């Protein structure tokens, strides 16, 4: 609730400038893709279009399609979660990494 109040207050306090109305006959240069296509747009900047626009996304989609066909041992314990000592070690490692990253 506090976050919502802070966001609304910030939105009311600072004026976000808007651009003019969209003109279909004039595309701004460079044309920017929406944020969810930013990775693909950057790949197109550094790789040929066939690699960045067809092969790489196709391989990612194929990898996601194949995942359910792999055998997974659901009943086995996790590799890093055997015993309380290892769980504490992982917790402290993650907490330290987050504190270093955030500071």
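In the numbering used here, the protein residues as written are 4 to 106.
Ideal Cβ placement from N, Cα and C applies to all residues, glycine included.
These numbers were taken from a predicted model, which means no experiment stands behind them.
As the crow flies, the alpha-carbon of residue 47 is around 18 Å from that of residue 64. As the crow flies, the alpha-carbon of residue 5 is around 36 Å from that of residue 88. When rounded, the separation of the alpha-carbon atoms in residue 86 and residue 71 is 29 Å. Residue 89 carries a helical assignment under DSSP once its states are collapsed to helix, strand and coil.
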